[in-house]
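See structure below.
Protein chains in written order, with the working numbering: chain A, 3 to 276; chain B, 72 to 351.
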């Protein structure tokens, strides 16, 4: 765009960018320090140094051998998969229907979904947990069912954006050629909309991986990774907890950065454009 | 003809509608109803009066302070970040990725990081302050410093989202507007206040709505960082919920209050600024 943007004219821009980068990176740097610096040199000293005085893998080894965190991570994984799957099972039909009923009416439904989404998590979670206890759902299945509430509106919105970008006659042509609706869905509509569906699945997955409120209220024992991490942090076994937190944060960061690339070109706004 | 045609497609939406209603409108209504019940099942207002006794006012005020503080900090810094992100410069991609990262980090993990930075003994913030030659601060000693820690942690976690929303708004503004203003002799400040801000207002309203509501519901961060000391409205609700089967009725009452505050806030923002954008 601006060809004359030389190094010098951009100096304030660079200064701003560097300062903001440092501010945003510092907490992550602290997590790395706590994980890899031997504890006696670190948090156990009254004023831990800002630069690493030593290096160790002891904290990570200790975390994996002493703490029972693999169970929660596996459970988190299952819950995230269930939430992602439910998003598609409920979201694809809903988005398909919304795409067919005309933009004005569809937007009314979308506004309704997003208003519902504003309902405070903790307000909804407590009665749900009381009812789920009666139904025998005070476990990770109940957590998955409740977390779905958080991600469903956005999933529908994203998938709808994908459907709206497809040519309108596509479905009609398939129907004229004799394909019934389920066949059209499986063979044509879903494959052609796969990138939006993938984004919806990944966002649902990541949201569930991170979700804490519903998880801690509905299933405080034998729960997901964030709840277990919270339990360890409050019981002050922080080096191990941080080592664990770091190793399971890295994959999520990678997913987030990859997703961010998708999102820029993807149909986040497609659902509203008519 | 058209009507019945539509009805067929609405059938596809019904499962999602039923699901969302069953798991949100129904529990919320249940919460409101039970807030007027005693554990024995008779009607009462005592749950609400008990809340006043347990410090509801202070929790509400503290929640309000955290929300306003976090919103101002987030909007201001996110605007700054978004304005850097739209500029084409070398290193833009690195900067964008770096600034997005906190959004991908689990809330509990980021709460944990900030509790390590701001712990009174062995905290990184204090070692920095001591290096500079000042006296260390006991961050959790007073309620105002505890709340500031929550605000800072929240800003780190959530500014990326606001920045992304504002970025999408900024990249939609046409460069010709700026060129025209430049040709007419408008300086950088003038361009910012007369073009950028007014054009960004609708999308800022959306960001304000989304973040404001979640700000008021902030739960995991204060629970991990400061516990119940001082309690915010959500941690107060959680504490009542955990304590006993009697105090759970207090948490229903507090939930009802929170629910009405959120509904009030959302309708004010939608009515004042966001309505036009939402209808579009």
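Idealized CB from N, CA, C, for every residue including glycine.
What does residue i reach in chain A if we use C-beta pairs closer than 7 Å?
i	result
residue 210 of chain B	By Cβ distance, chain A contributes nothing, its closest Cβ being about 14 Å from residue 210 of chain B, past 7 Å.
residue 80 of chain B	99, 102, 103
residue 322 of chain B	128
residue 284 of chain B	120
residue 305 of chain B	124
residue 333 of chain B	120, 122
Check the Cβ-Cβ distances between residue i and every residue of chain B, and say whether any is below 9 Å.
i	result
residue 58 of chain A	no
residue 127 of chain A	yes
residue 132 of chain A	yes
residue 74 of chain A	no
residue 49 of chain A	yes
residue 67 of chain A	no
residue 7 of chain A	Interpretation of residue 7 of chain A is limited by its pLDDT of 49, a score under 50 that renders its predicted location unreliable; no figure is taken from the coordinates.
residue 236 of chain A	yes
residue 19 of chain A	yes
residue 138 of chain A	no
residue 12 of chain A	yes
residue 35 of chain A	yes
Please report whether the beta-carbon of residue i lies at a distance below 9 Å from any beta-carbon of chain A.
i	result
residue 135 of chain B	no
residue 194 of chain B	yes
residue 92 of chain B	yes
residue 248 of chain B	no
residue 261 of chain B	no
residue 314 of chain B	no
residue 349 of chain B	Below a pLDDT of 50, predicted positions are generally treated as unreliable, and residue 349 of chain B, at 47, falls in that range; no measurement from the model is reported.
residue 287 of chain B	yes
residue 138 of chain B	no
residue 72 of chain B	Caution is warranted here: a pLDDT of 41 is assigned to residue 72 of chain B, below 50, making its placement in the model unreliable, and no coordinate value can be reported.
Which chain B residues are close to residue i, counting only those with a beta carbon under 8 Å from its beta carbon?
i	result
residue 211 of chain A	177
residue 243 of chain A	183
residue 223 of chain A	Those within 8 Å of residue 223 of chain A in chain B number zero; the least Cβ separation is about 13 Å.
residue 206 of chain A	None at all; the shortest Cβ gap to chain B is about 13 Å.
residue 71 of chain A	Chain B residues near residue 71 of chain A: none, gap ~13 Å exceeds 8 Å.
Closer than 8 Å by beta-carbon distance: list the chain A residues that pair up with residue i, in chain order.
i	result
residue 302 of chain B	Simply none; closest approach about 13 Å.
Are any of the Cβ atoms in chain E nearer than 9 Å to that of residue i?
i	result
residue 330 of chain B	No chain E is present in this structure, whose protein chains are A and B.
Taking C-beta to C-beta, are residue i and residue j nearer than 9 Å?
i	j	result
residue 292 of chain B	residue 299 of chain B	no
residue 319 of chain B	residue 132 of chain A	yes
residue 90 of chain B	residue 219 of chain A	no
residue 176 of chain B	residue 255 of chain A	yes
residue 39 of chain A	residue 29 of chain A	no
residue 152 of chain A	residue 330 of chain B	no
residue 88 of chain B	residue 147 of chain A	no
residue 231 of chain B	residue 157 of chain B	no
So which residues of chain A does residue i contact, with C-beta pairs closer than 9 Å?
i	result
residue 268 of chain B	Result: empty, since nearest Cβ-Cβ is about 18 Å, beyond 9 Å.
Just to make sure I have the definition right: I need the residues of chain B whose C-beta is within less than 9 Å of the C-beta of residue i. Which are they?
i	result
residue 251 of chain A	175, 176, 177, 180
Chain B partners of residue i, CB-CB under 7 Å?
i	result
residue 148 of chain A	94
residue 27 of chain A	169
residue 158 of chain A	87
Could you name each continuous alpha helix (DSSP H) segment of 4 residues or more that falls completely within the stretch 8-73 of chain A, going from the start of the chain to the end?
You should have 13-38, 60-68.
Would you check if the stretch 71-91 of chain A and the stretch 224-244 of chain B touch, i.e. whether three or more CB-CB distances between them fall below 8 Å?
Flag = no, the stretch 224-244 of chain B and the stretch 71-91 of chain A do not touch.
Should the stretch 109-121 of chain A be called in touch with the stretch 322-339 of chain B, which here means at least 3 C-beta pairs below 8 Å?
A contact between stretches requires three or more CB pairs, one per stretch, nearer than 8 Å, and the stretch 109-121 of chain A meets this requirement with the stretch 322-339 of chain B.
Where are the alpha helix (DSSP H) runs, 4 residues long or more, that stay fully inside the stretch 78-141 of chain A, in chain order?
Correct list: 105-119, 123-137.
Quick check: the stretch 188-204 of chain A against the stretch 165-174 of chain A, are at least 3 beta-carbon pairs closer than 8 Å?
The answer is yes - the stretch 188-204 of chain A touches the stretch 165-174 of chain A, with three or more Cβ pairs under 8 Å.
Meets three-Cβ-pair contact criterion under 8 Å: the stretch 195-209 of chain A and the stretch 61-77 of chain A
Touching, no.
Using 8 Å as the cut-off, can you tell me whether the stretch 130-138 of chain B makes contact with the stretch 273-293 of chain B, which would need three or more C-beta pairs spanning the two stretches below that distance?
Yes, the stretch 130-138 of chain B touches the stretch 273-293 of chain B.
Every unbroken alpha helix (DSSP H) within the stretch 211-251 of chain B, with a cutoff of 4 residues, ordered by chain:
Complete alpha helix (DSSP H) runs here, min 4: 214-241.
Touch check for the stretch 268-277 of chain B and the stretch 238-255 of chain B: three-plus C-beta pairs under 8 Å?
The stretch 268-277 of chain B makes contact with the stretch 238-255 of chain B, as at least three CB pairs between them are under 8 Å.
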